[in-house]
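Take any residue in the sequence shown, count from 1 to its spot, add 703: that is its number in our numbering.
Ideal Cβ positions, reconstructed from N, Cα and C, are used throughout, including at glycine.
Source: prediction; values computed, not measured.
Working notes for the structure below.
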Amino acid sequence: MTNRIQSLLGVQYPVVQAPMTYIARAELAAAVSDGGGLGVIETLTPEGRADLRRVRGLTYRPVGANLMIQGWKRDPSIVDELVAAEVRHVFTSAGDPALFTARLHDAGMTVIHVIGSLKGALKARDAGVDALVVEGVEGGGFKSALGASTMVLLPLVADRVDLPIIAAGGICDARSAAAAVVLGAEGVQMGTRMLASHEARVHANFKNEIVAAGDDGTVMLDLPGNPTMRVLRTGLASRVAAAEPGIQLLGRITDLYFDGDMEASVANTGQVSARITELQPASKIVEQTWTEIEKVLSDGRSRIGQ
């Protein structure tokens, strides 16, 4: 039996790798897809766009792509690039889904829109998207300072919107995936957990900081002139959070990601880093996250005591 997300994406396990800018590249996406989930390629960078085609030499399984609407609404030719790369599943975000959904559908693609509020979910439904990624504020990266957690947002959306839902924010294993299923999801998306995989090409310093993080290991930075974002409380970010005088955010994010310079910028990471204790192959992460849900639910039933 398959659920709606499995059928929509054509995957064995409804486990999606988040389209992290600079990081969601061909090797990681292929490893996730080969593991039975859905790898996703980021399209904001020239390297990511090149990997839309390069990934086809690494896996024959479905691979998706993201489309950040605010970044592409003045250049709709991105749709032509997705068609040329034979992309069938597009994850849209950061803008009005009505701007691209019809055109993506006309090109034969499914559209999954990322939302962080009930209002956003209703707007995406009205735009005709095929599914939602419902992301709580505990996830890494750009967030609304007023956003709700996954535990609040997910059932709120599931009760009001009859679309297949992929849960994101706070997901790293079968226990958190089981919670997402109970709250109304039919699949999960993971970013931070996939960062801490063997195939992610980020520097070991970044991965080690994720593994070392405690439950206070991330911080929401909301500074004038910068988008609100959740990042690791380490290096430059720890000094910014402590309001050290004269400290400003720097834009050398690739120096942090790939050279391991934790003072070069800030590292977008979710609160779930506190629960990640080791690096694993992406395929193992995918398989265990979904196949062990039934055991987790069975253990939960035993604790009810009825």
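- Secondary structure remark: continuous alpha helix (DSSP H) runs of at least 4 residues inside the region 792 to 862, in chain order: 804 to 809, 821 to 829.
- In the DSSP assignment, residue 931 forms no beta bridge with any residue.
- Secondary structure of residue 980 (DSSP, three-state): coil.
- With respect to residue 920, residue 977 sits close: the two C-beta atoms are nearer than 8 angstroms.
- The DSSP-derived three-state label of residue 994 is helix.
- Between residue 859 and residue 821, the C-beta gap is smaller than 8 angstroms, which places the two residues in contact.
- Within the DSSP bridge table, the entry for residue 900 names 983 as partners.
- Three or more beta-carbon pairs drawn from the region 979 to 996 and the region 718 to 735 are found closer than 8 angstroms, and the two stretches are therefore classed as touching.
- When DSSP states are grouped into helix, strand and coil, residue 742 belongs to the strand group.
- Within its own chain, the residues whose Cβ lies closer than 6 angstroms to the Cβ of residue 886, once the five positions on either side in sequence are excluded, are 857, 858, listed in chain order.
- Residues 731, 734, 982, 983, 984, 985, 988 of the same chain have their beta carbon placed closer than 8 angstroms to that of residue 900, with the five preceding and five following residues left out of the count.
- Collapsing the DSSP output to three states places residue 715 in coil.
- Where residue 886 is concerned, there is no enclosing alpha helix (DSSP H), because DSSP gives it neither an H nor an E.
- The straight-line gap separating the alpha-carbon atoms of residue 765 and residue 864 is approximately 26 angstroms.
- Contact between residue 935 and residue 972 is confirmed by a C-beta separation of about 5 angstroms, below the 8 angstroms threshold.
- Taking 8 angstroms as the cut-off, the Cβ atoms of residue 832 and residue 810 do not count as close.
- Per the coordinates, the alpha-carbon of residue 908 lies some 39 angstroms from the alpha-carbon of residue 866.
- With a cutoff of 8 angstroms on beta-carbon distance, residue 839 and residue 872 are scored as near each other.
- The C-beta separation of residue 777 from residue 813 comes to about 24 angstroms, leaving the pair out of contact by the 8 angstroms criterion.
- Under DSSP, residue 771 takes part in a beta bridge, and its partners are 796.
- For residue 993, the closest of 870, 924, 923 by C-alpha to C-alpha distance is 870.
- The three-state secondary structure of residue 908, taken from DSSP, is helix.
- Of the candidates 718, 892, 729, 854, the residue whose Cα lies closest to the Cα of residue 758 is 729.
- In the DSSP assignment, residue 922 falls within the unbroken beta strand (DSSP E) covering 921 to 924.
- Setting aside the 5 residues that flank it on each side, residue 851 is surrounded in the same chain by 839, 840, each with a C-beta closer than 7 angstroms to its C-beta; the list follows chain order.
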